[in-house]
Amino acid sequence: METIKTYFFMDVGVMFGRSMRHIFRSLDTIMTVTLSPIAIMLLFVFVLGGAIQIDTDNYVNYLLPGILLMTIANGIGYVSYRLLLDKQRGIFERFHSMPIARSAALWGHVLVSLVSNAISVTVIILIAFIMGFRSPAGVLPWLAVIGILGLFTLAMTWIAVIAGLSAKSADSAGAFAFVIHLLPFISSAFVPVESMPGPVRAFAENQPVTPIVDAIRALLSNQPAGNEIWSALAWCVAIMLWTYIFAVRVYKKQG
Amino acid sequence: MIQKQIAISVQKLKKSFKNISVLEGVDFEVKTGTVFALLGSNGAGKTTIVKILTTLLKQDSGTAIVNGFDVSSNPEKVRQSISLTGQFAAVDEILTGRENLIMIAKLRHLDNPRQIADDLLKRFGLNDAADRRVSTYSGGMRRRLDIAMSLAGEPQLIFLDEPTTGLDPEARIEVWNIVKELAGGGSTVFLTTQYLEEAEQLADIIAILHKGRIIAEGTLDELKKLFPPAKVEYIEKQPTLEDIFLAVVAIKEEN
Chain E
1022 METIKTYFFM DVGVMFGRSM RHIFRSLDTI MTVTLSPIAI MLLFVFVLGG
1072 AIQIDTDNYV NYLLPGILLM TIANGIGYVS YRLLLDKQRG IFERFHSMPI
1122 ARSAALWGHV LVSLVSNAIS VTVIILIAFI MGFRSPAGVL PWLAVIGILG
1172 LFTLAMTWIA VIAGLSAKSA DSAGAFAFVI HLLPFISSAF VPVESMPGPV
1222 RAFAENQPVT PIVDAIRALL SNQPAGNEIW SALAWCVAIM LWTYIFAVRV
1272 YKKQG
Chain G
334 MIQKQIAISV QKLKKSFKNI SVLEGVDFEV KTGTVFALLG SNGAGKTTIV
384 KILTTLLKQD SGTAIVNGFD VSSNPEKVRQ SISLTGQFAA VDEILTGREN
434 LIMIAKLRHL DNPRQIADDL LKRFGLNDAA DRRVSTYSGG MRRRLDIAMS
484 LAGEPQLIFL DEPTTGLDPE ARIEVWNIVK ELAGGGSTVF LTTQYLEEAE
534 QLADIIAILH KGRIIAEGTL DELKKLFPPA KVEYIEKQPT LEDIFLAVVA
584 IKEEN
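Order-wise, the sequence lines are chains E and G. The opening residue of the first sequence carries number 1022 in my numbering; numbering runs sequentially from there. The opening residue of the second sequence carries number 334 in my numbering; numbering runs sequentially from there.
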């Protein structure tokens, strides 16, 4: 047990290096992940945006937080997929029969998810910048945004881990993402929730995407964002804890 | 000292999945330095035994001692002295052959992973393909790499679960030669197979697993004695299609 603990970080490092190679040898995955958020951003800004009545002179600024969450929801699909491949190809079995910490294989995937999503999110922000996104925010608000996005990525990644571990085929591994994709549409990501009819508004106000979007939007526009930030953090941490506990249980059960 | 000479000792091993009983009290012993073949048809429980012995699965009852350590109470110690080559070549397709070997050597915390990878590549005839991605390898090359990965760190006991299933005849003979070489070098090999010829070719001791029990065990000669004495008959020996295939391929390669 002693040796296993000493080597844990080294083992996670090796796993991380392995999965990073996967990312950099299939950069098209970053393109696939960013393509649909970019398309939605273009669609909303240049086609639908004119008809959307929002009290803002820069709709790209308004839209960007929701698009970033969509990008992450897209990106984690690959986490499920890669996990499923490792499971199906017997790679997990090989690792588990070796004298290494069992969770090292899982943590490698999780860390890589953070890195690959960071790349995708950066791409989206650059595109948004070209489309006219501007932010008066200083270093601290930006760090807060990065922190929230990081937590959101982790929370989503553990969901993806559960999906990848319990999926029987590549199709079902990605199916869960569909629900996550819908959430931004029924939130404050594209239009204010006040414009929605009662029940829809009630849902939109009480689902995680709305406070997260509101918090990021406030931070990026230098508005006070106290309540939204706490609400966003609470959602992210709660989802992360639940999904983490559940994912580890699924992982252990699979032997 | 007695423990040193027994590599695997299994007693009254039972395992069922839900209500389906897979192992119904399995007993056998494997002596250090021998090749032990577990012969059985699909679904006989071969892989279940391998998974229990390699700590991937917990038995319901009975004991299994591997290299002197109980698999259920001391799995860490067991993992340190074994290696598993599973039913499907557990190789990382996106990495190169060399990277796969270095990764395993690092995970086994060996000194000088590069040197170990070089040596194994040479030994398994993978030098020319070392820096190509494994996705470009043939089935036989994958299997060779797979077994090479298992041998990093020279584990005392090597588990090969159906190592030739799905391989073409040439690749199968390559694998056989590897196993013979391992046996010659004094390693203990635990092999499962559904091919009678494979057990006959490779194993010192053969155990036949049928419906969750070992129904016969011994050397090939001992097993032969279980059957009525051989009658001498003269039959014209036709070459099998496999003989023809191998001969034709060999001639073609000579030209």
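Built from N, CA and C at the ideal position, the CB exists for glycine as well. This one's a predicted model, so the numbers in the text were calculated from it and none came from an experiment.
Item: Just to confirm the assignment, what range does the alpha helix (DSSP H) spanning His1130(E) have?; Value: 1125-1151
Item: In its own chain, which residues sit with a C-beta less than 8 angstroms from the C-beta of Glu1304(E), not counting the 5 before and 5 after it?; Value: Look at the range of chain E in this structure, 1022 to 1276, and you will see that residue 1304(E) is not part of it.
Item: For the alpha helix (DSSP H) containing Glu531(G), list its first residue and its last residue.; Value: 529-535
Item: Using a 10 Å radius around the Cβ and a threshold of 16 neighbouring Cβ atoms, would you call Asn400(G) buried or exposed?; Value: buried
Item: Kindly indicate if chain G contains any beta-carbon less than 8 angstroms away from that of Ser1118(E).; Value: yes
Item: Can you find a CB in chain E that lies within less than 8 angstroms of the CB of Leu291(G)?; Value: Look at the range of chain G in this structure, 334 to 588, and you will see that residue 291(G) is not part of it.
Item: Please name the residue, chosen from Glu533(G), Lys570(G), Ile577(G), Leu574(G), that lies closest to Lys557(G) on a Cα-to-Cα basis.; Value: Glu533(G)
Item: Taking contact to mean at least 3 C-beta pairs separated by less than 8 angstroms, is the region 533-545 of chain G in contact with the region 450-469 of chain G?; Value: no
Item: Under a three-way DSSP split, which group does Ser394(G) fall into?; Value: strand
Item: Thr573(G): buried (16+ other C-beta within 10 angstroms of its C-beta) or exposed?; Value: exposed
Item: Below 7 angstroms CB to CB, which residues in the same chain sit around Val1066(E) once its five sequence neighbours on both sides are set aside?; Value: Tyr1080, Val1081, Leu1084, Met1152
Item: With a cut-off of 8 angstroms, does the C-beta of Thr387(G) fall near any C-beta of chain E?; Value: yes
Item: Under 8 angstroms between beta-carbons, which chain G residues line up against Ile1093(E)? List them in chain order, please.; Value: Ordered by position in chain G, no residue passes the 8 angstroms Cβ test against Ile1093(E), which lies about 23 angstroms from the chain.
Item: Under 9 angstroms, CB to CB, which of the residues in the region 1033-1059 of chain E have a partner in chain G?; Value: Gly1034, Val1035, Met1036, Gly1038, Arg1039, Arg1042, His1043, Arg1046, Ser1047
Item: Give the straight-line distance between the Cα atoms of Ile349(G) and His1202(E), rounded to the nearest whole angstrom.; Value: As written in the sequence, residue 349(G) is Ser, which differs from the Ile given in the question. So the two alpha carbons sit approximately 41 angstroms from each other.
Item: Please name the residue, chosen from Tyr528(G), Gly499(G), Val522(G), Ser406(G), that lies closest to Ala340(G) on a Cα-to-Cα basis.; Value: Val522(G)
Item: Say whether chain G places a C-beta atom closer than 8 angstroms to the C-beta of Met1022(E).; Value: Only weak support exists for where Met1022(E) lies, its pLDDT of 45 falling under 50; the value from the coordinates is given anyway. So yes, Met1022(E) belongs to the interface.
Item: Examine chain G for any beta-carbon lying closer than 8 angstroms to the beta-carbon of Arg1270(E), and answer yes or no.; Value: no
Item: Does the separation of the CB atoms of Ile1145(E) and Thr1055(E) fall below 8 angstroms?; Value: yes
Item: Please return the same chain residues whose Cβ sits closer than 7 angstroms to the Cβ of Asn445(G), not counting the five positions on each side in sequence.; Value: none
Item: Would you give the residue range spanned by the beta strand (DSSP E) that Val359(G) belongs to?; Value: 353-364
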